[in-house]
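> Per my numbering, the very first residue in the sequence shown carries number 6; after that it's consecutive.
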Amino acid sequence: MRRQSGFRASVRDAVRGRDLVLLALPALAMVGVFALPEAVTAGFALHYEDPTLLAMYASKFLHRSTSHLLGNLLAYCLVAPLVYVLCALGGRRALFLASYTTFLLVLPWVLSALNVALARPRVGLGFSGIALAFFGLLPTALLAFVDSQFTDDVGIRHSPILFFAGVALIGVVALPSLTGPSFGVTAVAALAVVRYGQDIRADLADLSLAGFHNATVEDGGYVELGVSAVVVFLCVLFVAFPSDATQHGEIVNLYGHLLGYCLGYLSPFCTTFLAGRLGYGRGLEN
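1) Less than 7 Å between C-beta atoms, sequence neighbours within five positions excluded: which residues of the same chain meet that for Phe-140?
2) Check whether the Cβ atoms of Leu-143 and Ala-234 lie closer than 9 Å to each other.
3) Could you name the residues that DSSP lists as bridge partners for Val-128?
4) Identify which residue in Phe-108, Phe-169, Ala-93 has its Cα closest to the Cα of Phe-150.
5) Do Ala-136 and Ser-104 count as a contact pair if the criterion is CB distance below 9 Å?
6) Would a C-beta distance cut-off of 9 Å place Thr-156 and Leu-100 closer than the cut-off?
7) Please say whether Asp-152 and Tyr-89 have beta carbons closer to each other than 9 Å?
8) So the candidates are Leu-78, Val-20, Gly-281; which of them puts its Cα closest to the Cα of Arg-162?
9) Spell out the partners DSSP gives Ile-256 in its beta bridges.
10) Determine, for Leu-51, whether the minimum Cβ-Cβ distance to residues of chain C falls below 9 Å.
11) Counting C-beta neighbours from all protein chains within 10 Å, is the total for Ala-44 16 or more, i.e. buried, or is it exposed?
12) For His-68, which three-state DSSP category applies?
13) Just confirm the distance between the C-beta atoms of Phe-246 and Val-172, as a whole number of angstroms; I'd bet it's less than 8 Å.
14) State buried or exposed for Arg-97, treating a residue as buried only when at least 16 other CB atoms are found within 10 Å of its CB.
15) If I follow the unbroken alpha helix (DSSP H) through Arg-21, where does it start and stop?
16) Measuring from the CB of Arg-17, is there a heavy atom of the ligand SAH at a distance below 8 Å?
17) Quick check: what's the CA-CA separation for Ile-166 versus Leu-271?
18) For Phe-39, I'd like the list of residues in its chain whose CB is within less than 7 Å of its CB, leaving aside the five on either flank, ordered along the chain.
19) Report the rounded CA-to-CA distance for Ala-32 versus Cys-82, giving the unit in angstroms.
20) Output needed for Val-121: all residues of its chain with C-beta closer than 7 Å, excluding positions within five of it in sequence on either side, in chain order.
21) With distances taken Cα to Cα, identify the nearest neighbour of Leu-91 among Ile-256, Leu-230, Ser-248.
22) Let me know if Val-228 comes out buried or exposed under the rule of 16 or more other beta-carbons within 10 Å of its beta-carbon.
23) Taking all protein chains shown into account, decide if Thr-175 is buried (16 or more other Cβ within 10 angstroms of its Cβ) or exposed.
24) Flag this pair as yes or no: are the beta carbons of Gly-261 and Gly-129 separated by less than 9 Å?
25) For Ala-50, which option in Leu-102, Leu-110, Lys-65 has the closest C-alpha, if you only look at C-alpha atoms?
Laid out in structure tokens, this is it:
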């Protein structure tokens, strides 16, 4: 068990004021675009059969209604700050900032292109895919936090178990028929969970109940933050991937949500792995 300093002091030392400004920018952009006249935002919506370069990016910040906007604001404001704090306390602040930049500057184009590739007669808009990318970073952030604050034996190299557990749960909840490709995805994800679970099982022995008890009583905050991250992980999965894709008369873009979650996890994880192999940064090692 690693020695911990006071939780509040650690948060103050790890968090940067300029990072909080960066975290606020996407929310301000969503609200700002929503406040624009419809005549200005008419060209922001992404028509999958007739896309424009402007719409492929701007559509991610456009929302069709107040409830749509509030839902995505809530998702982003719940997930992104949590992931940031976990990364900051886990010594992976640079990873978060690199992911943040990629999610906001590159991912909108990628998500739009992958949706356009299906050539459906639909219109796409909303920040949910980007918010789900930040959610996809949560497994890596959580394991980095556990590595930094509790044990050297569990780190982000074990994060695939959480990612694949999420994919398996999505397959069961959002695709209840489990036929065809959906069954295959769920089965592969479940096998991956078992595979990575074998790797982490022995390492978990280092996380003693006594150690967690001491961390909770003597330095409250660390365990609570970790538990909160797990709760958020489960709750967002059920909310973002409902069993009924029709919500309040509108169709939830489960495909876009899944793309955001997967790319949000795979991009930082693979980049970190490759950087470590090439001798740049810490890689997946603790």
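Cβ atoms here follow ideal geometry from the backbone N, Cα and C, with glycine treated the same way.
In short:
1) Here residue 140 corresponds to residue number 135 of the sequence shown, with the count starting at 1. Closer than 7 Å at Cβ, skipping near neighbours: Val-84, Val-241, Tyr-266, Gly-269.
2) On the sequence shown, residue 143 is found 138 positions in, with the first residue counted as 1. On the sequence shown, residue 234 is found 229 positions in, with the first residue counted as 1. Cβ distance < 9 Å, so Leu-143 and Ala-234 count as in contact.
3) Reading the sequence shown from its first residue, position 123 is the one you call residue 128. For Val-128, which the question treats as bridged, DSSP gives the partners His-52.
4) Translated into the one-based positions of the sequence shown, residue 150 becomes position 145. Ranking the options by Cα distance to Phe-150, first place goes to Ala-93.
5) Residue mapping note: residue 104 aligns to position 99 of the sequence shown, counting from 1. Residue mapping note: residue 136 aligns to position 131 of the sequence shown, counting from 1. Not closer than 9 Å, so no.
6) As a first step, residue 156 is located in the sequence shown; it is residue number 151 there, counting from the start. As a first step, residue 100 is located in the sequence shown; it is residue number 95 there, counting from the start. Contact flag unset, no.
7) By one-based count along the sequence shown, residue 89 stands at place 84. By one-based count along the sequence shown, residue 152 stands at place 147. No, Cβ-Cβ distance for Tyr-89 and Asp-152 is not below 9 Å.
8) Counted from its first residue, the sequence shown places residue 162 at position 157. Measuring from the Cα of Arg-162, the nearest candidate turns out to be Gly-281.
9) Taking the sequence shown and counting its residues from 1, one reaches residue 256 at position 251. DSSP lists Thr-251 as partners of Ile-256.
10) No chain C is part of this structure, which consists of one protein chain only.
11) Counted from its first residue, the sequence shown places residue 44 at position 39. Burial check for Ala-44: the Cβ neighbour count within 10 Å stays below 16, so the residue is exposed.
12) For the purposes of this step, residue 68 is taken as residue 63 along the sequence shown, with counting starting at 1. In the structure shown, His-68 sits in coil (DSSP, three-state: anything other than H, G, I, E or B).
13) Start at 1 with the first residue of the sequence shown, and residue 246 comes out as number 241. Start at 1 with the first residue of the sequence shown, and residue 172 comes out as number 167. No, Phe-246 and Val-172 are not in contact; Cβ-Cβ is about 10 Å, not under 8 Å.
14) As a first step, residue 97 is located in the sequence shown; it is residue number 92 there, counting from the start. Flag for Arg-97 reads buried.
15) On the sequence shown, position 16 is the one that residue 21 refers to. Note, Arg-21: premise wrong, no alpha helix (DSSP H); not H, not E.
16) This structure lacks the ligand SAH, and indeed carries no ligand of any kind.
17) The count along the sequence shown starts at 1 and reaches residue 166 at position 161. The count along the sequence shown starts at 1 and reaches residue 271 at position 266. About 13 Å.
18) On the sequence shown, residue 39 is found 34 positions in, with the first residue counted as 1. The residues are His-68, Leu-74.
19) Sequence index remark: in the sequence shown, residue 32 carries index 27 (1-based). Sequence index remark: in the sequence shown, residue 82 carries index 77 (1-based). Just so you know, the alpha carbons of Ala-32 and Cys-82 end up roughly 8 Å apart.
20) Residue mapping note: residue 121 aligns to position 116 of the sequence shown, counting from 1. Cβ neighbours of Val-121 beyond the five flanking positions: Tyr-53, Pro-56.
21) Start at 1 with the first residue of the sequence shown, and residue 91 comes out as number 86. The shortest Cα separation from Leu-91 among Ile-256, Leu-230, Ser-248 belongs to Leu-230.
22) The count along the sequence shown starts at 1 and reaches residue 228 at position 223. Val-228 is buried by the Cβ-count criterion.
23) Within the sequence shown, the letter at position 170 stands for residue 175. Sequence inspection shows Ile at residue 175; the Thr mentioned does not correspond to that position. Result: buried.
24) Indexing the sequence shown from 1 puts residue 261 at position 256. Indexing the sequence shown from 1 puts residue 129 at position 124. It is a contact, given that the beta carbons lie within the stated cut-off.
25) The count along the sequence shown starts at 1 and reaches residue 50 at position 45. If we check each option's Cα against that of Ala-50, Lys-65 comes out closest.
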